[in-house]
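Report on the following structure.
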Amino acid sequence: MGFLDRINQKAAVGDDEFAYEEGDFVDYADEEYYESEDAQVTPIRSVSNVDIARIVTVWVSSYKDIKDFAVEFRNGLPVILNLSEAADSERARIVDFALGLCFGLEGAFSRISDDVFLLTPHSVSIDSRGSEAEHDFSH
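Okay, so the sequence shown: first residue is 311 according to the working numbering, each after it adds one.
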């Protein structure tokens with residue numbers, strides 16, 4: 311008898327180990343079955359009651375002022391971001407943040423001029439007829 315045969319013999323389970331009496335089983339078929347109702351899907355954020363006739367204009371001179379426009383944009387309002395008073399090093403950081411904000415909230419980012427940008431929430435569409443750069447992050 312080989313090594314594997316001895317292991318198989320010791321590990322083998324006999325048929326009598328699985329012998330059950332007639333009363334050992336519980337019959338679940340007699341219980342009533344309730345089908346679960348589908349849960350309501352809740353949107354991640356709601357943009358109802360957003361006044362799209364209102365556009366927020368913000369002059370940002372440093373990176374620490376980003377909250378001024380980020381909260382308004384997160385609340386679903388279009389934001390005109392004026393960076394004419396910001397230093398070049400700050401301007402790059404602010405634009406990077408604004409692009410990330412638009413991407414994260416599926417909005418759009420448009421350059422109006424060298425120092426002015428438009429951040430548009432996903433619930434507002436833009437009819438762009440010029441050749442200015444626009445990054446649309448909505449689906």
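All C-beta atoms in this analysis are idealised placements derived from N, C-alpha and C, irrespective of residue type, glycine included.
Bear in mind the structure is a predicted one, so any value in this text is a computation, not a measurement.
CB contact flag (residue i, residue j, <9 Å)
i: residue 372; j: residue 408; result: no
i: residue 383; j: residue 417; result: yes
i: residue 389; j: residue 429; result: yes
i: residue 436; j: residue 420; result: yes
Minimum Cβ-Cβ distance from residue i to chain B less than 9 Å
i: residue 401; result: Here chain B cannot be found, since the structure has a single protein chain.
Cβ distance (whole Å) where residue i is taken to contact residue j below 8 Å
i: residue 392; j: residue 369; result: 5 Å
Close beta carbons around residue i, own chain, < 8 Å, minus the five adjacent residues each side
i: residue 365; result: 387, 388, 389, 390
i: residue 395; result: 369, 370, 371
Other residues of its chain near residue i: CB distance less than 6 Å, five sequence neighbours each side excluded
i: residue 431; result: 386, 417
i: residue 401; result: 393
key: Stretch pair the segment 372-381 + the segment 412-428: three plus CB contacts closer than 8 Å   = No: fewer than three Cβ pairs fall under 8 Å.
Where in the segment 377-433 do unbroken runs of the alpha helix (DSSP H), each at least 4 residues long, occur, reported from the N-terminal end onward?
Fully enclosed alpha helix (DSSP H) runs of 4 or longer: 377-384, 398-414.
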